[in-house]
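A.B. asks:
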Amino acid sequence: MVDPTAIVDPARLAGALAALPDDPDRAALRRAATVVLREALVRGRNEIERRFREDPSRGLRTAAAYAYLTDAILVALADVVVRRVHPNPNPTNAERMTLIAVGGYGRGEMAPYSDVDIGVLTPWKQTAWSEKVIESLLYALWDLGLKVGHSSRSLDEMVRQAKGDGTIRTALVEARYVWGDTGVYAEAAQRFKTEVQEGTARAFIADKLAERDARHKRMGDTRYVVEPNVKEGKGGLRDLHALFWIGKYAYNVNRAAELVRAGLLSGPEFRKFNRAEDFLWAVRCHLHLITGRAEERLTFDVQTEIATRMRYSDRLGKSRVERFMQFYFLQAKRVGDLTGMFLSHLDETYAARGGRFGLPRLRRRPRRLHGFVLDRGRLALPKDDFFAQDPVRLIEIFALADLHALEIHPLAMRAASRDARLAVHVRSHPRANALFLDVLTSPRDPELVLRWMNEAGVFGRFIPDFGRIVAQMQFDMYHHYTVDEHTIRMIGLLSQVERGLLKDDHPLATALFDGIVQRRALYVAVLCHDIAKGRGGDHSILGAEVAERLCPRLGLTPAETETVAWLVRHHLLMSATAFKRDLSDFKTILDFTGVVQSPQRLRMLLVLTIVDIRAVGPGTWNGWKRQLLSTLFETAEEVLRLGHKQRGRDERIAEKQETLRRTLGWDKETLAAYVRHLPPAYWIAEPDDVIAANAQLVDQSGDTRLSIETSVDEDRGATLVTVHAADHPGLFYRIAGAIHAAGGNIIDARIHTTRTGMALDNFLVQNPLGGPFDDAGQLERLKTTIADALANRLRLNDRLAAKPLSRPRADAFPIEPNVLIDNAASNRFTVIEVNARDRPALLHHLAQALFQSKVTLHSAHVATYGERAVDTFYVTDLTGDRITGQLRLKSLERRMLDAAAGKDFAVFA
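All residue numbers in the sequence shown are consecutive under the working numbering, ending with 1811.
1. So what does DSSP say about residue 1617, is it helix, strand or coil?
2. Does the Cβ of residue 1310 have 16 or more other Cβ atoms within 10 Å, making it buried, or fewer, making it exposed?
3. How about residue 1073 and residue 1004: do their beta carbons lie closer than 8 Å?
4. Use the C-beta contact count for residue 1420: other C-beta atoms within 10 angstroms, 16 or more gives buried, fewer gives exposed.
5. Could you pull out every residue in the same chain whose Cβ sits closer than 7 Å to the Cβ of residue 1655, ignoring the five residues on either side in sequence?
6. Near residue 1511, which residues of its chain fall below 7 Å by C-beta distance, leaving aside the five closest residues on each side in sequence?
7. At which residue ranges does the stretch 951–1022 contain complete beta strand (DSSP E) runs of 3 or more residues, listed in the order of the chain?
8. Under 8 Å by Cβ, that's how I've got residue 1560 and residue 1374 pegged, so tell me the actual separation to the nearest angstrom.
9. Where DSSP assigns a beta bridge to residue 1584, which residues make up the other side?
10. Could you have a look at residue 1653 and say whether DSSP puts it in helix, strand or coil?
11. Rounded to a whole number of angstroms, what is the C-alpha to C-alpha distance between residue 1264 and residue 1153?
12. Please report how far the alpha carbon of residue 1796 lies from the alpha carbon of residue 1518, in whole angstroms.
13. In or out: residue 1105 buried (at least 16 other Cβ within 10 Å) or exposed?
14. Check whether the stretch 1721–1741 touches the stretch 1767–1776, counting contact only when three or more Cβ pairs, one atom from each stretch, lie closer than 8 Å.
15. Looking at the unbroken alpha helix (DSSP H) that takes in residue 1052, where does it start and where does it end?
16. Go ahead and label residue 1266 buried or exposed: buried means 16 or more other beta carbons lie within 10 angstroms of its beta carbon, across all protein chains shown.
17. Would DSSP call residue 1803 helix, strand or coil?
18. Do residue 963 and residue 1219 have their CB atoms nearer than 8 Å?
19. Going residue by residue through the stretch 1076–1124, where are the continuous beta strand (DSSP E) segments of at least 3 residues, counting only ones entirely within it?
20. Which complete alpha helix (DSSP H) runs does the stretch 1439–1493 hold, if anything under 4 residues is left out?
21. Taking only the alpha-carbon atoms, compute the straight-line gap between residue 1537 and residue 1491 and give it to the nearest angstrom.
22. For the ligand MN, I want to know if residue 1586 counts as a neighbour, meaning its beta carbon is within less than 7 Å of at least one of the ligand's heavy atoms.
23. Figure out for me which residue from 1030, 1049, 1032 and 1465 has the closest Cα to the Cα of residue 1007.
24. Would DSSP call residue 1611 helix, strand or coil?
25. In angstroms with no decimal places, state the Cα-to-Cα distance between residue 1585 and residue 1554.
26. Looking only at its own chain, which residues have a Cβ that is under 8 Å from the Cβ of residue 1778, when we skip the five neighbours before and after it?
27. Under three-state DSSP, which class holds residue 874?
28. Less than 8 Å between the C-beta atoms of residue 919 and residue 938, yes or no?
29. Quick check on residue 1739: does DSSP put it in helix, strand or coil?
30. Pull up the distance between the alpha-carbon of residue 1172 and that of residue 948, whole angstroms please.
31. Could you check what DSSP says for residue 1694 in three-state terms: helix, strand or coil?
32. Please state the DSSP three-state secondary structure of residue 1244.
33. Does the distance from the CB of residue 1083 to the CB of residue 998 come in under 8 Å?
34. Could you pull out every residue in the same chain whose Cβ sits closer than 6 Å to the Cβ of residue 903, ignoring the five residues on either side in sequence?
35. Helix, strand or coil: which one does DSSP assign to residue 1761?
36. Distance check for residue 1189 and residue 992, CA to CA, integer angstroms please.
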C-alpha cells in the first residue's frame, strides 16, 4: 500500500488519544476518545475514496485500505480502553485476551460499509474486568457508527463451537491477529489446527460446496442474471472466497497466491483469479459508495453510474453500461472456470477416499471412446495435446458427452478452454459442423452440453456470431439474462416442449411439434434469433443475414435455410400481433397471415414465440399470453387452411349467438330480444365465456343504471371486470383510474355501447405481480371505487396522485414517449400505439387524453416489457369513422405524447 500513513497514522492517532485529559468519569473518557477516533475514521475514509476515484479499478487495494484503517482504529481504541478507561497494571493469566478479525475482515478485505467482524478470545472463562473491557469496546465501536459482528469465547468454547457449527468454523479459518496477548492468539491458532481442522478437510470441503450450491439456487442458479449479486451470486466474490477457504483449510495456504504453490491453480489461472477478484472488489466498493449502504445487488439504477465511474465509454452498437456489464459477466464466467479447475484438483486428491465432489456416480462404461478415455465415468483426454492434433475433437468431445450421457472431466474442460482458439480452424470442416448440429438438435438434453461448450469458450469460437453475444446484457427490466444465457435456455425449453415435458404448460405447442417438418430449422432459428443483438441495427434483419450465411455451413438445405432466415426475421411478429393488436379485427388476422403464408411456418413461429417468452425470465409467461397466442394461432390457421372458404363474419356471429342460447338455456325469442340490443362488432370481439357472463349480468341488472361484476379467470391469469352502466363521455378513463386506485393493473379492455344507450365494458385485470386480482376484500373495494368514481363521489386525480409507487430502477432507462397512428392496420378503426415508460395509472391518463380529443374508444390492449409499456387503442371519431384529417391526427398525436410523458393537462370532471 502506497503511503498508508496518509490514510491513518497510528503514531499520530495514539498521540492524540494520549493527549486527552484524565477524567474520573470513565464513560466520558471513552466518549472523548470516540470523538478523536471518529475524526480519524472520516479522514481515512475520505482519503481512501479520493484514491479510489483516481484509480477506480483497483478493488483489492481499496478493500485492503479499508481493512488497514479499521485495524488502526481498533488497535488505538483497545489501547485506550485497557490503559485508561479500565486500567489494570497487573493482569492475571485469566485476564489475558486477544482481539481477532474474522470473516472478510480477517482476510484483510473490506468494502466501505462492510460489517466489522471481530472476536475476543480469553484463556478461560471471562473475568469481570474482561467483560467491562469488551463492553466499552463495543459501545465505542457503535458510537463510531460501525456495524459490528462480535463474539467473545474462551479457548475451550472456541474449539467446541467450531466443531459443532460450520459457520463459526469458516469464520475462524480466516481469523487474523489484531491486538492483545500474542500467546493467547498462538494457542488459539494451534488448538484450532489440531483439534478442529486436522482430519476434517473432506467434510469441510463437502459442506462448503453444499453451501455454495444452496446459495446459487437462492440467487437464481446462473451467473448471467442481469442484476447480479456481486457478493453472493454465482460467479461472485463468495465463490472466490470459497476457493480460498478450502485452500486454507485443506492445504494451510495463508494468501491466495499460495494456491499456486499448493498445486490448486496454475500461474496463469491465479492471474485470472486475481484479476477477477480485483474487478469484483472494485464493483462492490463502488456499489457501497453510491448507495451509501452495504448493498450487494448490482441493480439497473446503479449500473450506469458504476460504468461511468470505472471510465467505460460508448461504442457503436453498445452503450457504456452494456460494455461494463459484459465485462462483469465475462469475469463471472472466469470465476466459474476457475472453480471447475480448482475442484478437479481436489477431486483427484480425494478420489481414493470416496465419491467425487458434487458429481453423481455413473455406471461403468468402456474405458475408451473414439480415442477419448473414460476416467471414473467422465470423458477425459489420453494426452494433453489431443485437441491440438485434431481440433475437430473440440466439437466431438461435446457430441460424445451428449450421445452417451457422459460428464466431461474437469481437466478435459480445462484443455478445451485453453485450446478453444483452435476451433477457428475447423469452422468450415463438414464433420465438425455435423457434430455441432447433432448437439444443437439433440433429442436428449442439448441445453446442458451447449452450456458446457459455452463455458469452455468453444461455442463462441466455433460460431463467432454467437461469440459476440456471450455475456452481453440487455439493459432493460424485461430481460432477466444475458443474450447467450437467454438463447441457451430457449434451446432447452424447445427440447422440453419436443419431449413432452411441458405438456401441462403448453398443450398446443406440444401437440403441434410432431407436425413440424423442418425440425432442424426450428432449432437453428432459436440459435440465431437474437444473434445480431448489440450491432446497432434491427437485430431481426441482421440476424436473418447471419442465418443465411451460417445455415449452409451447418449443412442445412436451401429450403431449411430460407425457413430459418424467415423465422429469425419475423420472430417478434406473433407476439407483437397477439399482444398489441385487436384479434377480433379481421384485418389484423389477414395482415398476419399475409406475412406467415403457410401453416408450417405458423406452427414453427408459435413454438418459437412461446419458448422465447418463457426464456426471458421468471414470471414473463402467463395464462393471458397463452390465451392471446392460442387465439391468434387458431384464427390464423383457419384462414391459411381454408383460404376464401373460411367462415364469414355473419356465420361466426350466428354461431356465437347459438352457443349463448344453449349455454343459458334461452329460447329463440329471448335470444332475439337480447341480440337486438348489441352491435355485430360485440359478437366478433368477445369470446363465448365472456358473452355468457355479460348476458347473465345484463339479464340480472334489469333497469339498474350501474352493475359491476368480477370473476377470476385462472386460464387467462387475470380477473374479468364487467361494468354495465349508462354510457356517457369519459366513462372509460374514469373506470380505468378507479381500477388502478383500487390496486389493479388493466391488461386488456373492450368497450361496447348497446342500442339502448348502455355501456358494456369488459376489463381484464391483474394484481401488481401479474396474477389474478382475486382477494375478496380487494374485489369488493374495486367495485366500490368504480361506483364512487362514476358517481363523482371521489376525486380520482387526488386519489391517484397519492398512490404512485416509486420505481427508481425504471428511472435508469431513458425512454422517449412515442405515438404511432395507423389507418392501415384496420378497415374500421384508427389504431393508436403508444410506447412510454410504464408508470402507475398510465392507461388512465392516456384514455383521458383520448376523451379530451373527442374520439370514441372501442378497445384497448396493454403490453408491458419491464420498464416499457405499449398501449394500443382502436378508435373512431364521434360519427364512427376512422380519423383521417391531418390536422386532427397531429393534434391527437400531440395530446397523446403529452399524456405519455406525464405532462399536466386540463382535467374534465
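By construction, the Cβ of each residue, glycine as well, lies at the ideal position given by its N, Cα and C atoms. Quick caveat: nothing in here was measured; it's all calculated off a predicted structure.
C.D. replies: According to the structure data:
1. Counted from its first residue, the sequence shown places residue 1617 at position 715. Note: residue 1617 maps to coil in three-state DSSP.
2. Your numbering for residue 1310 matches position 408 in the sequence shown. Burial call: buried.
3. If you number the sequence shown from 1, residue 1073 lands on position 171. If you number the sequence shown from 1, residue 1004 lands on position 102. Their beta carbons are under 8 Å apart, which means residue 1073 touches residue 1004 by this criterion.
4. Here residue 1420 corresponds to residue number 518 of the sequence shown, with the count starting at 1. When all chains shown are included, residue 1420 counts as buried.
5. Numbered from 1 along the sequence shown, position 753 holds the residue referred to as residue 1655. Excluding residues within five positions, the ones whose Cβ falls inside 7 Å are 1629 and 1661.
6. Reading the sequence shown from its first residue, position 609 is the one you call residue 1511. Annotation for residue 1511: 1476, 1477 and 1531 place their beta carbon closer than 7 Å to its own, counting only its chain and skipping 5 residues before and after.
7. Correct list: 1000–1003.
8. On the sequence shown, position 658 is the one that residue 1560 refers to. On the sequence shown, position 472 is the one that residue 1374 refers to. Contact flag wrong, Cβ pair sits at about 54 Å.
9. On the sequence shown, position 682 is the one that residue 1584 refers to. Beta-bridge partners of residue 1584 (DSSP): none assigned.
10. Looking up residue 1653 in the sequence shown gives position 751. In the structure shown, the three-state DSSP call for residue 1653 is strand.
11. Taking the first residue of the sequence shown as 1, we reach residue 1264 at position 362. Taking the first residue of the sequence shown as 1, we reach residue 1153 at position 251. Residue placement at residue 1264 cannot be trusted, given a pLDDT of 37 that sits under 50; what the coordinates show is reported in the next sentence. Rounded to whole angstroms, residue 1264 to residue 1153 spans 29 Å at the Cα level.
12. Numbered from 1 along the sequence shown, position 894 holds the residue referred to as residue 1796. Numbered from 1 along the sequence shown, position 616 holds the residue referred to as residue 1518. Each residue's alpha carbon lies about 34 Å from the other.
13. Looking up residue 1105 in the sequence shown gives position 203. Exposed, by the Cβ-count rule.
14. At 8 Å Cβ cutoff, the stretches touch.
15. The count along the sequence shown starts at 1 and reaches residue 1052 at position 150. Counting along the chain, residue 1052 falls outside any alpha helix (DSSP H), though it belongs to the beta strand (DSSP E) covering 1050–1056.
16. The residue you call residue 1266 lines up with position 364 of the sequence shown. Unreliable placement is indicated for residue 1266, whose pLDDT of 44 sits below 50; the coordinate value is still reported in the next sentence. Within 10 angstroms of the beta-carbon of residue 1266 lie fewer than 16 other beta-carbons, which makes it exposed.
17. Translated into positions along the sequence shown, residue 1803 becomes position 901. Under the three-state reduction of DSSP, residue 1803 is assigned to coil, being neither helix nor strand.
18. On the sequence shown, residue 963 is found 61 positions in, with the first residue counted as 1. On the sequence shown, residue 1219 is found 317 positions in, with the first residue counted as 1. No. Outside cutoff.
19. Those beta strand (DSSP E) runs which fall completely within the stretch 1076–1124 and span 3+ residues are 1078–1082.
20. Segments of the alpha helix (DSSP H) lying fully in the stretch 1439–1493: 1441–1456, 1460–1471 and 1475–1482.
21. Stepping through the sequence shown from its first residue, residue 1537 is reached at position 635. Stepping through the sequence shown from its first residue, residue 1491 is reached at position 589. Cα to Cα, the separation comes out at about 7 Å.
22. Here there are no bound small molecules, and the ligand MN is not part of this structure.
23. Within the sequence shown, numbered from 1, the residue matching residue 1007 stands at position 105. Closest in alpha carbon position to residue 1007, among 1030, 1049, 1032 and 1465, is 1049.
24. Residue mapping note: residue 1611 aligns to position 709 of the sequence shown, counting from 1. Looking at residue 1611 - three-state DSSP - the assignment turns out to be strand.
25. Walking along the sequence shown from the start, residue 1585 turns up at place 683. Walking along the sequence shown from the start, residue 1554 turns up at place 652. Distance between the alpha carbons of residue 1585 and residue 1554 is about 8 Å.
26. Working through the sequence shown from its first residue, we reach residue 1778 at position 876. The residues are 1730, 1731, 1732, 1757, 1758, 1760, 1784 and 1785.
27. Nothing can be reported for residue 874, as the shown portion of the chain is limited to 903 through 1811.
28. Counted from its first residue, the sequence shown places residue 919 at position 17. Counted from its first residue, the sequence shown places residue 938 at position 36. Contact flag set, yes.
29. Indexing the sequence shown from 1 puts residue 1739 at position 837. Strand.
30. Locating residue 1172 in the sequence shown gives position 270, where the first residue counts as 1. Locating residue 948 in the sequence shown gives position 46, where the first residue counts as 1. The straight-line gap separating the alpha-carbon atoms of residue 1172 and residue 948 is approximately 32 Å.
31. Numbered from 1 along the sequence shown, position 792 holds the residue referred to as residue 1694. If DSSP states are grouped into helix, strand and coil, residue 1694 belongs with coil.
32. Walking along the sequence shown from the start, residue 1244 turns up at place 342. Helix, per DSSP.
33. In the sequence shown, counting from the first residue as 1, residue 1083 sits at position 181. In the sequence shown, counting from the first residue as 1, residue 998 sits at position 96. Yes; because the gap between Cβ atoms is below 8 Å, this pair is in contact.
34. The count along the sequence shown starts at 1 and reaches residue 903 at position 1. Around residue 903: no qualifying Cβ.
35. For the purposes of this step, residue 1761 is taken as the residue at position 859 of the sequence shown. Looking at residue 1761 - three-state DSSP - the assignment turns out to be strand.
36. Your numbering for residue 992 matches position 90 in the sequence shown. Your numbering for residue 1189 matches position 287 in the sequence shown. Roughly 47 Å between the two C-alpha positions.
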